[in-house]
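Residue numbers (the numbering used here): 2 to 227.
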Amino acid sequence: MPTREKKLMFGAAFLTSVLSFVIICVVLGTQRWISSTVYFSQSNSSTSVTVTYGLFSGTCASTIHVGVQVSDTNFQVAELLNSTRKAINVTIIVLLVLSLLCSLLSSGFTFTNTVSNPYQTFLGPIGVYTWNAIGGFFTLIVMILFAVNVQGNNLSVELAIKCASTQQNHTGSKHNYDYSYWILLLHILFSCATIVIIVFYSCARYTKKKEQERPIENASKDVILF
Numbered sequence: 002m003p004t005r006e007k008k009l010m011f012g013a014a015f016l017t018s019v020l021s022f023v024i025i026c027v028v029l030g031t032q033r034w035i036s037s038t039v040y041f042s043q044s045n046s047s048t049s050v051t052v053t054y055g056l057f058s059g060t061c062a063s064t065i066h067v068g069v070q071v072s073d074t075n076f077q078v079a080e081l082l083n084s085t086r087k088a089i090n091v092t093i094i095v096l097l098v099l100s101l102l103c104s105l106l107s108s109g110f111t112f113t114n115t116v117s118n119p120y121q122t123f124l125g126p127i128g129v130y131t132w133n134a135i136g137g138f139f140t141l142i143v144m145i146l147f148a149v150n151v152q153g154n155n156l157s158v159e160l161a162i163k164c165a166s167t168q169q170n171h172t173g174s175k176h177n178y179d180y181s182y183w184i185l186l187l188h189i190l191f192s193c194a195t196i197v198i199i200v201f202y203s204c205a206r207y208t209k210k211k212e213q214e215r216p217i218e219n220a221s222k223d224v225i226l227f
């Protein structure tokens, strides 16, 4: 059976792993990644289109220059994207699913160590380090790719043009990343916290083991001198 110290440490790591899993579920289930206001103008008129969307769906509202709202519609993101932007969007979804799987495996590994002492080395701290490092790395890549798709590939502009069916010239954009995007930082934080907890446990265990070996080494020296 695991020691009391091991139960406490891996129990805490299990909690942070479960929280990481829940965060990815929330990210995939909510569509508040970003809210962008895209501005268009022509010779004697101007329009602003506000698009709020996530990985799967969103809404857009068009407003003419005098402040009268023209339309407010829902849309499916995948239906409005070209091949490049759609490929990045699909990559983000795949990485999030893999990150979700890593959090699930981390939860399983930490729970197993809370209630038992696995014989396989990989089921111990090494496995916990591995899954959390991979999951945190995937989440970081997701945040970078989404920002690149918005800022570099003008994702919001394309969605606004196709959603509002405007033929005016694009003059500027303003982006506000929403909670579905920023809570990904919590996933990275919890993944790091899980690793730190197990590192503390491993260091404490190593120190305790060395202290237990020291009296045996001293006893051996006394026997030799005798």
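The C-beta atom is built at its ideal place from N, Cα and C for all residues, glycine as well.
At 4 residues or longer, what runs of the alpha helix (DSSP H) sit wholly inside the segment 30-115? The alpha helix (DSSP H) runs of length 4 or more contained entirely in the segment 30-115 are, from start to end of the chain, 78-81.
For serine 174 and threonine 31, what's the separation of their Cα atoms in angstroms? CA-to-CA, the gap between serine 174 and threonine 31 works out to about 23 Å.
Could you tell me which of Thr53, Thr4, Ser18 sits nearest to serine 100, measuring between CA atoms? Ser18
Sorted by chain position, which residues of the same chain lie with C-beta nearer than 8 Å to phenylalanine 15's C-beta, five sequence neighbours on each side aside? Ser108, Thr111, Phe112, Thr115, listed in sequence order.
For the segment 79-95 against the segment 183-203, do three or more pairs of beta-carbon atoms, one drawn from each stretch, fall closer than 8 Å, so that the two count as touching? no
Is the Cβ-Cβ distance between isoleucine 35 and tyrosine 54 less than 8 Å? yes
Contacts around isoleucine 89, its chain only, beta-carbon distance under 6 Å, and the 5 residues preceding and following it disregarded: Leu146, Asn150
With a threshold of 6 Å on Cβ separation, who are the neighbours of cysteine 193 within its own chain once the five nearest residues in sequence on each side are excluded? none
With a threshold of 8 Å between beta carbons, is leucine 124 in contact with chain B? As a matter of chain content, chain B is missing from the structure shown, which is built from one protein chain.
Which listed residue (Ile93, Ser21, Ser63) has its alpha carbon closest to that of threonine 38: Ser63
Going by DSSP, what residues sit across from serine 174 in a beta bridge? Val39
Express the C-alpha separation of valine 23 and serine 104 in angstroms, rounding to a whole number. Going by C-alpha positions, serine 104 is about 9 Å away from valine 23.
Opening and closing residue of the alpha helix (DSSP H) in which phenylalanine 147 lies: 126-148
Considering serine 181, what are the terminal residues of the alpha helix (DSSP H) in which it resides? 180-183
Cα-Cα separation between serine 117 and isoleucine 93, rounded to whole angstroms: Distance between the alpha carbons of serine 117 and isoleucine 93: 36 Å.
Could you tell me the distance, in whole angstroms, from the CA atom of valine 224 to the CA atom of serine 203? With a pLDDT of only 48 at valine 224, under 50, the local geometry of the prediction cannot be trusted, and the value read off the model is given with reservation. Valine 224 and serine 203: Cα-Cα distance of roughly 32 Å.
Straight-line Cα distance separating asparagine 75 from asparagine 45: 28 Å
Assuming threonine 48 and threonine 131 make a contact with CB atoms under 8 Å, what is their CB distance in whole Å? Threonine 48 to threonine 131, Cβ: 51 Å. No contact.
In the DSSP assignment, find the unbroken alpha helix (DSSP H) run with serine 157 in it and report its ends. 156-165
According to DSSP, simplified to helix, strand and coil, what is methionine 10? helix
Contact check, phenylalanine 41 vs histidine 171, beta carbons under 8 Å: Yes; because the gap between Cβ atoms is below 8 Å, this pair is in contact.
Give the secondary structure of threonine 4 by DSSP, where H, G and I count as helix, E and B as strand, and everything else as coil. coil
Can the beta-carbon of leucine 96 be found closer than 8 Å to that of valine 143? In this structure, valine 143 lies closer than 8 Å to leucine 96 by Cβ.
Where glutamine 121 sits in the DSSP three-state scheme: When secondary structure is reduced to three states using DSSP, glutamine 121 falls in the coil class, being assigned neither helix nor strand.
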